[in-house]
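To keep things clear, I will list the structure first and then write my remarks on it.
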Amino acid sequence: MSFLNKLSRGNREHESVETDRQPSVGAAADVDLVFVPALVTLLAAAESERGRPLTQPEVEALRDNATTVALPAGSAAAMAASRGYPDLDPLHVWDEWQRMREQLASGETN
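One gets the numbering used here by counting positions in the sequence shown from 1 and adding 84 to each.
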């Protein structure tokens, strides 16, 4: 299932009817979908393995087939802080990957 389908499915699974009750545990707003390994790591490894820059369809296919885990809200930011860099935004993966490749090539990480 592609990332966008997972995201859409996850939001539908956690939709709730408006009631006086508090949102249930696991509501879409209560979780972060986190890529494991980080998308930037996955794409860098794939490029290194191929020995050439990835194409846009390859980048999007890797994103769509990558493993994600649902963690408590705020976990993505905490993970980014602990590893020292943010992951790529999966909705803008191609553009962000192009910028990150330039940073990696020049030795910058932030």
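We treat Cβ as the ideally placed atom computed from N, Cα and C, and that holds for glycine.
Classification of residue i by the beta-carbon crowding that lies within 10 angstroms, buried from 16 upward
i	result
Val-177	buried
Leu-175	exposed
Ala-162	exposed
Leu-188	exposed
Ala-186	A small fix is needed here, since residue 186 is Glu in this sequence, not Ala. Counting Cβ neighbours within 10 Å, Glu-186 comes out exposed, since fewer than 16 surround it.
Asp-179	exposed
Val-143	buried
Arg-147	buried
Ala-150	buried
Ser-100	Unreliable placement is indicated for Ser-100, whose pLDDT of 36 sits below 50; the coordinate value is still reported in the next sentence. Counting Cβ neighbours within 10 Å, Ser-100 comes out exposed, since fewer than 16 surround it.
Paired residues, beta bridge with residue i - DSSP
i	result
Thr-152	Phe-119
Proximity to residue i [Cα-Cα], best of the options
i	options	result
Val-118	Ser-190, Gln-182, Ala-157	Ala-157
Ser-166	Ala-122, Asp-114, Val-115	Ala-122
Gln-140	Leu-127, Pro-170, Gly-168	Leu-127
Rounded distance between the beta-carbons of residue j and residue i, thought under 8 Å
i	j	result
Leu-172	Val-124	5 Å
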